[in-house]
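When the sequence shown is numbered by UniProt numbering, its final residue is 308 and no position is left out of the sequence of numbers.
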Amino acid sequence: MLTPLVIGDVLGALDSVGVPIPQLLQMADNIAFIALAAIGLTIIFGMMGVINLAHGEFIMMGAYITTLSVNVASIPLPVAMLLGALGTAVFGAIVERTIVRRLYGRLLDSMIVTFGLGLILTQGTRIIFGNSLQSIGTPFGNVPGYTYSGYRVLLLFAAIAVLGAVYLVFTRTEFGVQARATIQDPETARAMGVDTDRMYTITFAIGSGLAGLTGALYAPSATIVPGMGQSFLVESFVTVVTGGSSVLLGTALAGGILGTINAIFSNLYGNFIGQIALLITAIIVIRLLPDGLTGLAATIREKIGERQ
Numbered sequence: 001m002l003t004p005l006v007i008g009d010v011l012g013a014l015d016s017v018g019v020p021i022p023q024l025l026q027m028a029d030n031i032a033f034i035a036l037a038a039i040g041l042t043i044i045f046g047m048m049g050v051i052n053l054a055h056g057e058f059i060m061m062g063a064y065i066t067t068l069s070v071n072v073a074s075i076p077l078p079v080a081m082l083l084g085a086l087g088t089a090v091f092g093a094i095v096e097r098t099i100v101r102r103l104y105g106r107l108l109d110s111m112i113v114t115f116g117l118g119l120i121l122t123q124g125t126r127i128i129f130g131n132s133l134q135s136i137g138t139p140f141g142n143v144p145g146y147t148y149s150g151y152r153v154l155l156l157f158a159a160i161a162v163l164g165a166v167y168l169v170f171t172r173t174e175f176g177v178q179a180r181a182t183i184q185d186p187e188t189a190r191a192m193g194v195d196t197d198r199m200y201t202i203t204f205a206i207g208s209g210l211a212g213l214t215g216a217l218y219a220p221s222a223t224i225v226p227g228m229g230q231s232f233l234v235e236s237f238v239t240v241v242t243g244g245s246s247v248l249l250g251t252a253l254a255g256g257i258l259g260t261i262n263a264i265f266s267n268l269y270g271n272f273i274g275q276i277a278l279l280i281t282a283i284i285v286i287r288l289l290p291d292g293l294t295g296l297a298a299t300i301r302e303k304i305g306e307r308q
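1) What residue from N262, I59 and G130 has the CA that sits closest to S231's CA?
2) Is the beta carbon of V90 sitting closer than 9 Å to the one on I99?
3) Hey, how far is the Cα of I283 from the Cα of A277?
4) Determine the DSSP secondary structure at S149, reduced to helix, strand or coil.
5) For G40, report the span of its alpha helix (DSSP H) as first-last.
6) Could you compute how far the alpha carbon of L249 sits from the alpha carbon of G256?
7) Out of I264, T260 and G243, state which residue places its alpha-carbon closest to the alpha-carbon of A254.
8) Can you give me the C-alpha to C-alpha distance between G62 and L293, rounded to a whole angstrom?
9) Note down, in chain order, each residue of its chain lying with its Cβ closer than 7 Å to the Cβ of P186, except the 5 sequence neighbours on either side.
10) Would you check if the distance between the CB atom of P220 and the CB atom of I136 is smaller than 9 Å?
11) Does the segment 34-47 come into contact with the segment 199-213, if we say contact requires no fewer than three beta-carbon pairs (one atom in each stretch) closer than 8 Å?
12) Along the chain, where does the alpha helix (DSSP H) that runs through V236 open and close?
13) According to DSSP, simplified to helix, strand and coil, what is N131?
14) Spell out the partners DSSP gives N142 in its beta bridges.
15) Looking only at C-alpha atoms, which of G92, I286 and I31 sits nearest to G56?
16) Roughly how many angstroms separate the alpha carbons of P22 and Y148, rounded to a whole number?
17) Under 7 Å Cβ to Cβ from D109, same chain only, skipping five residues before and after it: list those, please.
18) Taking C-beta to C-beta, are L83 and I94 nearer than 9 Å?
19) What residue does the alpha helix (DSSP H) around L289 start on, and which one ends it?
20) Which two residues bound the contiguous alpha helix (DSSP H) that contains M199?
21) If we ignore side chains and look at the alpha-carbon of each, how far apart do residue 310 and I128 end up?
22) Leaving aside the five residues before and after Y151 along the sequence, list all residues of the same chain whose C-beta is less than 7 Å from its C-beta, in chain order.
23) Tell me which same chain residues have a C-beta within less than 8 Å of the C-beta of residue 333, skipping the five on either side of it?
24) Can you tell me which of the three DSSP states A73 falls into?
25) Between S266 and N30, what straight-line distance do the alpha-carbon atoms span, to the nearest angstrom?
26) Here's a check: name, in chain order, each residue in its chain whose Cβ is nearer than 6 Å to the Cβ of A80, leaving out the five neighbours to either side.
27) Among G215, G270 and V238, which has the Cα closest to the Cα of T281?
28) Give the secondary structure of D109 by DSSP, where H, G and I count as helix, E and B as strand, and everything else as coil.
29) Could you check which residue in E235, L77, I304 and G295 has the C-alpha nearest to that of L279?
30) Starting from residue 309, follow the alpha helix (DSSP H) in both directions and report where the run begins and ends.
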């Protein structure tokens with residue numbers, strides 16, 4: 001309970017100076033949701049050029065593995081979450097080896113095949129486990145002094161940690177260098193001794209594992225049903241397209257902007273209007289910035305460099 005107490009003290013201090021705490025909490029929740037939902041898809045689409053329409057079902061898989069691990073095997077929740085991410089990563093590696101690797105460079109074919117895979121996963125889950133699972137229960141309770149889940153607030157810090165870890169893996173490790181080289185120029189990377197087939201498999205597995213981790217993190221606070229992944233799908237695709245090609249910067253910028261707009265309009269006019277505002281914002285960004293927010297950031301960086 002230490003962390004929620006600290007959060008409660010911080011929010012109390014902000015409330016005393018007039019900061020609208022309910023709107024702030026909703027904004028943090030939306031940013032975390034969008035960033036976590038999008039990061040796995042960003043890696044698979046932004047780095048590999050594959051539109052994985054089964055992304056929502058990968059998130060659902062992570063949530064199911066986590067929930068079953070806790071309810072059936074009595075595994076502690078943090079370990080169950082790790083199993084949810086790892087299990088989905090292994091499944092993603094199998095999918096890449098058996099299906100996806102035949103579809104590189106065939107964008108529409110990859111969409112159709114992964115859409116079919118998503119239907120199979122959804123209906124297979126419904127046949128095996130029924131229409132719902134018993135929920136785990138949200139840990140930590142409410143933030144002291146506020147009727148808001150402390151766990152949902154902590155998800156923002158989880159999103160920041162995940163984005164930071166992805167940045168370090170793909171920019172500060174030998175694997176990251178080889179993975180980016182494989183994506184940018186596979187023939188040259190292969191000529192330099194990089195096992196490009198292995199790089200594709202591992203990269204797809206990482207993207208899938210991050211989707212599973214998202215499901216695992218939201219398992220305690222979500223309704224566990226076979227179609228739960230669809231609630232993540234729209235936001236994740238909108239974020240990827242709006243953010244642009246950069247895995248970390250694009251997801252962070254798009255998540256922050258879209259999450260803030262969604263929170264503001266949801267608090268003022270309801271969740272439906274919040275979703276509409278999010279989509280309209282994405283349409284405007286795509287219309288004005290064909291390369292997304294990362295393209296705008298790159299242009300600003302170049303202009304600053306020229307002035308210096």
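Ideal Cβ positions, reconstructed from N, Cα and C, are used throughout, including at glycine.
In brief:
1) I59
2) no
3) Taken atom to atom, the span from the alpha-carbon of I283 to that of A277 is near 10 Å.
4) strand
5) I21 to L41
6) 11 Å
7) Residue G243 is the option with its Cα nearest to A254.
8) 29 Å
9) T196
10) yes
11) yes
12) Looking at the sequence shown, residue 236 is not Val but Ser. Membership of S236 in the alpha helix (DSSP H) is indicated by the continuous run Q230 to G243.
13) coil
14) S149
15) G92
16) 8 Å
17) Taken in chain order, the residues that qualify are L103.
18) No, they are not a contact pair.
19) Premise fails: L289 is in no alpha helix (DSSP H) and is neither H nor E.
20) T196 to Y218
21) The requested residue 310 does not occur in the structure, where the chain is confined to residues 1 to 308.
22) T138, P139, F140, P220 and S221
23) Past the edges of the chain, shown from 1 to 308, lies residue 333, and the structure says nothing about it.
24) Under the three-state reduction of DSSP, A73 is assigned to coil, being neither helix nor strand.
25) 10 Å
26) T66, S69 and V70
27) V238
28) helix
29) E235
30) With the chain running from 1 to 308 in the structure shown, residue 309 is simply not present.
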